[in-house]
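K.L.:
Here's a structure for you.
Number of protein chains: 2
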Amino acid sequence: MSNEKALQQYDVKKYRTPDGYTSDIAVFTITSEQKEVFKPAEMELKLMLIQRSALDSEGRPNIEASKWALPGGFVEETESAFESAQRELMEETGVTGIHLKHFGVYDKPGRDPRGWIITNAHYAIVPETKLVHRQANDDADKVELFTVEEVLNLDLAFDHREIIKDAIKAITNDLLQTTVARNFLPDHFTYSELQAVLMTVTDDPAIHLKQSFQRKIKMLPFIEEVPGETTNRTSKKPAKLYRFNDVEVGSSIYTRAY
Amino acid sequence: MSNEKALQQYDVKKYRTPDGYTSDIAVFTITSEQKEVFKPAEMELKLMLIQRSALDSEGRPNIEASKWALPGGFVEETESAFESAQRELMEETGVTGIHLKHFGVYDKPGRDPRGWIITNAHYAIVPETKLVHRQANDDADKVELFTVEEVLNLDLAFDHREIIKDAIKAITNDLLQTTVARNFLPDHFTYSELQAVLMTVTDDPAIHLKQSFQRKIKMLPFIEEVPGETTNRTSKKPAKLYRFNDVEVGSSIYTRAY
DNA sequence: CAAATAGTGTCTGTGAGACACTATCCG
DNA sequence: CGGATAGTGTCTCACAGACACTATTTG
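Chains as they are written, first to last, in numbering that gives the first Met the number 0: chain A, 0 to 257; chain U, 0 to 257.
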């Protein structure tokens, strides 16, 4: 392979290279507060942020200290940014197999005072139960959940305000345009549970209205009824259970009622 | 601002950093071949690739020589990857104001034999007319257009096969889910011209069937008729002209006929 | 029984899809 | 006039949305 000769002569330091390559994660969860038994839960979409500590892990003053930020860290040479995000999410929540998706790159000159640092932004969907043992680590004073309204009023580190805005846009879009909502739900769920998840990100009356949504769910090709099974967790009358199947979704804005 | 003290102690070389940060561009165009007058054009989606030259601009053996590749180059410290892509596209086509969109990051260890090199992938939509004076440059032997069927049979450099597959997926999706199709069309277009663009990426009968699509176009909120104007460029009978307006599109898979 | 959520019967309007037709212009 | 594309009239079926109702369970 003639690449060998070319490689011998290639000077890896010919170009100015970035000072850092990092991965950040917007960890979303839906808190579902069941006020009473036999009631559908009230759900709220929340984002997990850390408050950067005053001193870093080596005892030196930390950059952007005391500001709120997305969890994240430096990508290692042996991994991709996505793998790095998986690793960090594992370290943070102790859980693997979490829905994780890349949604943007942030590399504007000056975005990080430490130098030319590029970050890959991901969002993760973590069931609330997996966040119970969330904990501050070396770099963080506190770990807290914020609603999407609260979060933009915080004092945020770096360009994380912009990243978070994009993250909210990305998850909203994906919840409505793909079947990622399944990651917020148990395997078998009632119409009102799915509805509650979707209502956290849309005001669409077709989703908010009980009968419309109830009728619609039966006609969706990517959702099927679980035959025979019912649950009482949302009401006194037993409710049918549904599950996502693997039918692909996808059409065009030119062909459907939009 | 207490960042100052932190910055003084921050060692920018603490972490292993990437060996390069690049931007690649999948330049798409639709070639429209009008076989006869008064006929709608037959359109085909094509991708512009360069063939890497044997020697680089400094006369040394080039890496991945003679393979086909996406145009691209190193990002400079003073710009973002997106700006770098804009600059490269300008250098390549001599045109600005082109539709350009980031669709992915490729950073798998080993993807580039020269080292730890991260690339940002973008796709661009360039009207065929703006590609007429396309030309080989220092790094490229040839510049050519390929159909999406042809392109995957070529000997492609680096991981560009994967990037190109993703680019095709991204543009297909965007053409059907957003109004980017406008970038392939004149400001005022006939129903058959829009139809021809969409047919390059979908087999949906609702788009292929004349009367269905003709009726549908009138009801789309983001397209409006240009009052009074007609054209004969696609038929003997004068055809109505339409234009995109700025109504936003967006709904959910749970609420419409999918 | 009242109360609360789940779920259905039915009507109306709208639009998708199919068929057949008309309209306009060129040569 | 024939031929080609643009565009309409009309019917049918399916579904969204609204209203009013029924069903199942708890306390």
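All C-beta atoms in this analysis are idealised placements derived from N, C-alpha and C, irrespective of residue type, glycine included. The structure presented is a predicted model; accordingly, all values stated were derived computationally and were not measured.
For Leu208/U, which of helix, strand or coil comes out of DSSP?
P.N.:
The answer is coil: DSSP assigns Leu208/U none of H, G, I, E or B.
K.L.:
Would Leu175/U count as contacting chain A if we go by Cβ distances under 8 Å?
P.N.:
Judged by the 8 Å Cβ criterion, Leu175/U is in contact with chain A.
K.L.:
Contact criterion: CB-CB distance below 8 Å. Does Ala25/A meet it with respect to chain U?
P.N.:
No, Ala25/A lies away from the interface with chain U (no Cβ there is under 8 Å from its Cβ).
K.L.:
Taking one C-beta from the region 52 to 69 of chain A and one from the region 86 to 93 of chain U each time, how about it: are there three or more such pairs within less than 8 Å?
P.N.:
Cβ pair count under 8 Å is below three, so no.
K.L.:
Going straight from the alpha carbon of Glu41/A to that of Lys239/A, what length do you get?
P.N.:
Cα-Cα distance, rounded: 19 Å.
K.L.:
Can you give the Cα-Cα distance for Gln194/U and His207/U, rounded to whole angstroms?
P.N.:
Roughly 7 Å separates the two Cα atoms.
K.L.:
Starting from Tyr122/A, follow its DSSP beta bridges and name the residues at the other end.
P.N.:
DSSP lists Ala25/A, Lys100/A as partners of Tyr122/A.
K.L.:
Between the C-alpha atoms of Val142/A and Ala80/A, what's the straight-line distance to the nearest angstrom?
P.N.:
Distance between the alpha carbons of Val142/A and Ala80/A is about 23 Å.
K.L.:
Which same chain residues, not among the five before or five after Val246/A, have their C-beta less than 8 Å away from its C-beta?
P.N.:
Correct list, in chain order: Pro220, Phe221.
K.L.:
Do you know offhand how far Ile116/A's Cα is from Glu161/A's?
P.N.:
Approximately 16 Å, taken between the alpha carbons.
K.L.:
Output, in chain order, the set of chain U residues within a Cβ distance shorter than 8 Å of Thr16/A.
P.N.:
What Thr16/A touches in chain U: Thr16, Pro17, Asp18, Gly19, Tyr20.
K.L.:
Give a yes or no on whether the minimum CB-CB distance between Ile97/U and chain A is below 8 Å.
P.N.:
Cβ-Cβ to chain A under 8 Å: no for Ile97/U.
K.L.:
Which partner residues of Tyr20/U appear in the DSSP bridge assignment?
P.N.:
For Tyr20/U, which the question treats as bridged, DSSP gives the partners Ile117/U.
K.L.:
At a cut-off of 7 Å, would you count Leu54/A as near the ligand GDP, judging by its Cβ distance to the nearest heavy atom?
P.N.:
As presented, the structure is devoid of all ligands, the ligand GDP included, so that no description of it is given.
K.L.:
For a contact meaning CB atoms closer than 7 Å, what does His101/A contact in chain U?
P.N.:
Val104, listed in chain order.
K.L.:
Please state whether DSSP places Ala68/A in a helix, a strand or coil.
P.N.:
Three-state DSSP puts Ala68/A in a strand.
K.L.:
What is the C-beta distance between Phe102/A and Ala120/A, in whole angstroms, given that I count them as a contact (C-beta under 8 Å)?
P.N.:
About 6 Å; that satisfies the 8 Å criterion.
K.L.:
Give a yes or no on whether the C-beta atoms belonging to Asp18/U and Tyr105/U are separated by under 8 Å.
P.N.:
Cβ atoms of Asp18/U and Tyr105/U: not closer than 8 Å.
K.L.:
Find the nearest neighbour of Met47/A within the set Thr233/A, Leu151/A, Arg242/A, Arg232/A, judged by alpha-carbon distance.
P.N.:
Checking every option, the nearest Cα to that of Met47/A belongs to Leu151/A.
K.L.:
Specify whether the region 161 to 180 of chain U and the region 217 to 236 of chain A touch according to this definition: at least 3 beta carbon pairs, one from each stretch, less than 8 Å apart.
P.N.:
In short, these stretches do not touch, since the Cβ pair count stays below three.
K.L.:
Does any C-beta atom of chain U lie closer than 8 Å to the C-beta of Ala263/A?
P.N.:
The first residue shown for chain A is 0 and the last is 257, placing residue 263/A beyond what the model contains.
K.L.:
If you follow the alpha helix (DSSP H) that Thr254/A is in, where does it begin and where does it stop?
P.N.:
From DSSP, Thr254/A is part of no alpha helix (DSSP H); its letter is neither H nor E.
K.L.:
Under a CB-based cut-off of 8 Å, is Asn119/A close to chain U?
P.N.:
At least one chain U Cβ lies under 8 Å of Asn119/A.
K.L.:
If we cut at 8 Å on Cβ distances, does Trp115/A have a partner in chain U?
P.N.:
Judged by the 8 Å Cβ criterion, Trp115/A is in contact with chain U.
K.L.:
Quick one: Cα of Lys258/A to Cα of Glu149/A, how far?
P.N.:
Nothing can be reported for residue 258/A: it is not among the residues displayed for chain A, which extend from 0 to 257.
K.L.:
Going along chain A, which residues have a C-beta under 7 Å from Arg205/U?
P.N.:
Here the sequence assigns Ala to residue 205/U, which means Arg is not the residue at that position. The answer, in chain order, is Thr254.
K.L.:
Can a CB atom of chain U be found closer than 8 Å to the CB of Thr199/A?
P.N.:
False, the Cβ-Cβ gap to chain U never drops below 8 Å.
K.L.:
Would Ser251/A count as contacting chain U if we go by Cβ distances under 8 Å?
P.N.:
True, the Cβ-Cβ gap to chain U drops below 8 Å.
K.L.:
So, Ile124/U versus Ile97/U, is the Cβ gap smaller than 8 Å?
P.N.:
Contact: yes.
K.L.:
Taking the runs of the alpha helix (DSSP H) that are 4 residues or longer, which of them lie wholly in the region 196 to 240 of chain U?
P.N.:
With a minimum length of 4 residues, the continuous alpha helix (DSSP H) runs that stay inside the region 196 to 240 of chain U are 204 to 207, 209 to 216.
K.L.:
With DSSP run on the structure shown, which of helix, strand or coil describes Phe157/A?
P.N.:
Note: Phe157/A maps to coil in three-state DSSP.
K.L.:
Which residues bound the beta strand (DSSP E) around Glu76/U?
P.N.:
No beta strand (DSSP E) holds Glu76/U; DSSP gives it neither H nor E.
K.L.:
Alpha carbon to alpha carbon, how far is Leu69/A from Asp23/A? Give it in angstroms, no decimals.
P.N.:
Taking the straight line from one Cα to the other gives about 6 Å.
K.L.:
Check whether chain U comes within 8 Å of Pro108/A, counting only Cβ atoms and requiring the distance to be less than that.
P.N.:
Taking Cβ atoms only, chain U reaches closer than 8 Å to Pro108/A, which makes this a yes.
K.L.:
Below 7 Å between beta carbons is the criterion; list the residues of the region 226 to 246 of chain A that meet it against any residue of chain U, in chain order.
P.N.:
Answer set for the region 226 to 246 of chain A: empty.
K.L.:
Which two residues bound the contiguous beta strand (DSSP E) that contains Glu148/A?
P.N.:
Careful: Glu148/A lies outside any beta strand (DSSP E), inside the alpha helix (DSSP H) at 147 to 150.
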